[in-house]
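Novice:
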Amino acid sequence: MFPGLFSCDLLVLAGDIVGTHRWLAEWLALCSVPVIYVLGNHEYYGKSLERTESAFRYALDALPHVHFLNGESVVIKGVRFVGATLWSDFDGENPLVMEECRDKINDFRQVEGITVTKILELFRKERDWIDSELSTPFDGPTVVVTHYAPSPQISSVFGYKITFSLRDNKDLTIDTLYSPYYI
């Protein structure tokens, strides 16, 4: 259908790819290489967090070459992939940033039932899971895949003021992450 489109060893999709799980599953069924898929915030638009995750998991679990990583990891050809959306901690749980984001970011109007508190809970859960996963010894390279960038210098450009506060380091940059490979 699309000659040469998948002339790669692996396809990594880090969210905001499609609005519907059905279309994604149909498209990825045509893919002949392993796929890593992490949800972005836009996949949730028009639905609740739980309904979205359930629908995408159901659709993608039918495709054995697609690995839906939502707080999970997988090893492909000796490389460990650790994946999660990694929502926001709102600049270290800054109340002013939390209020500004709640008022200005579309997610709070487009995702059913989402609140600043829920986003913080998800962020803490995903951050702690990534921290734990990366603390587990692995004999090979590890690639961390998240939708939101782990650097405040990058993320604030896109709206969310996020700090990837593993080890409570607000000045964390790509160079100081556990894994040298980050998507």
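So the sequence shown is numbered by the numbering used here: it starts at 23 and just counts up by one. We treat Cβ as the ideally placed atom computed from N, Cα and C, and that holds for glycine.
1. If you count every other CB in all the chains shown that lies within 10 Å of the CB of Asn128, and 16 or more means buried, which is it?
2. Can the beta-carbon of Val167 be found closer than 9 Å to that of Gly100?
3. Leaving out five residues on either side along the sequence, give the residues of the same chain with a beta carbon under 7 Å from the beta carbon of Glu115.
4. Rounded to whole angstroms, how far is the Cβ of His169 from the Cβ of Leu108, which I believe are closer than 8 Å?
5. In the DSSP assignment, the beta strand (DSSP E) including Thr168 goes from what residue to what residue?
6. What would DSSP say about Val34, mapped onto helix, strand or coil?
7. Who are the near neighbours of Tyr182 in its chain, counting only those whose CB is closer than 6 Å to its CB and skipping five residues on each side?
8. According to DSSP, is His43 part of a helix, a strand, or is it coil?
9. Check each candidate in Val40, Cys30, Asp113 and name the one with the smallest Cα separation from Arg146.
10. Quick one: Cα of Cys30 to Cα of Glu121, how far?
11. Pick out the complete alpha helix (DSSP H) segments inside the segment 99-174, 4 residues or longer, and give them in chain order.
12. Measure the C-alpha to C-alpha separation of Leu61 and Val55 and round it to an integer number of angstroms.
13. What residue range is occupied by the uninterrupted alpha helix (DSSP H) comprising Tyr80?
14. So what's Tyr67 in DSSP terms, helix, strand or just coil?
15. Alpha carbon to alpha carbon, how far is Arg131 from Lys140? Give it in angstroms, no decimals.
Specialist: According to the data block:
1. Walking along the sequence shown from the start, residue 128 turns up at place 106. It is exposed - the Cβ of Asn128 has fewer than 16 other Cβ atoms within 10 Å.
2. As a first step, residue 167 is located in the sequence shown; it is residue number 145 there, counting from the start. As a first step, residue 100 is located in the sequence shown; it is residue number 78 there, counting from the start. Not a contact, by the Cβ cut-off of 9 Å.
3. If you number the sequence shown from 1, residue 115 lands on position 93. Excluding sequence neighbours, Glu115 sits near Leu142.
4. Start at 1 with the first residue of the sequence shown, and residue 169 comes out as number 147. Start at 1 with the first residue of the sequence shown, and residue 108 comes out as number 86. About 7 Å; that satisfies the 8 Å criterion.
5. Here residue 168 corresponds to residue number 146 of the sequence shown, with the count starting at 1. 164-168 is the span of the beta strand (DSSP E), which, as asked, contains Thr168.
6. Looking up residue 34 in the sequence shown gives position 12. Residue state, collapsed to three classes: strand.
7. For the purposes of this step, residue 182 is taken as residue 160 along the sequence shown, with counting starting at 1. Only weak support is given to the placement of Tyr182: the predicted model assigns it a pLDDT of 49, under 50, and the question is left unresolved by the model.
8. Taking the first residue of the sequence shown as 1, we reach residue 43 at position 21. In this structure, His43 counts as helix in the three-state DSSP scheme.
9. Against the sequence shown, residue 146 aligns to sequence position 124. Here the closest residue by C-alpha is Asp113.
10. Position 8 of the sequence shown, counted from the start, is the residue given in the question as residue 30. Position 99 of the sequence shown, counted from the start, is the residue given in the question as residue 121. Their Cα atoms are separated by approximately 43 Å.
11. For secondary structure counted as the alpha helix (DSSP H) over 4 or more consecutive residues, the segment 99-174 holds these complete runs in sequence order: 112-115, 117-126, 129-132, 138-157.
12. Position 39 of the sequence shown, counted from the start, is the residue given in the question as residue 61. Position 33 of the sequence shown, counted from the start, is the residue given in the question as residue 55. The straight-line gap from Cα to Cα measures roughly 19 Å.
13. By 1-based counting over the sequence shown, the position of residue 80 is 58. Note, Tyr80: alpha helix (DSSP H), 71-83.
14. The count along the sequence shown starts at 1 and reaches residue 67 at position 45. Coil.
15. Against the sequence shown, residue 140 aligns to sequence position 118. Against the sequence shown, residue 131 aligns to sequence position 109. Their backbone Cα atoms lie some 14 Å apart in a straight line.
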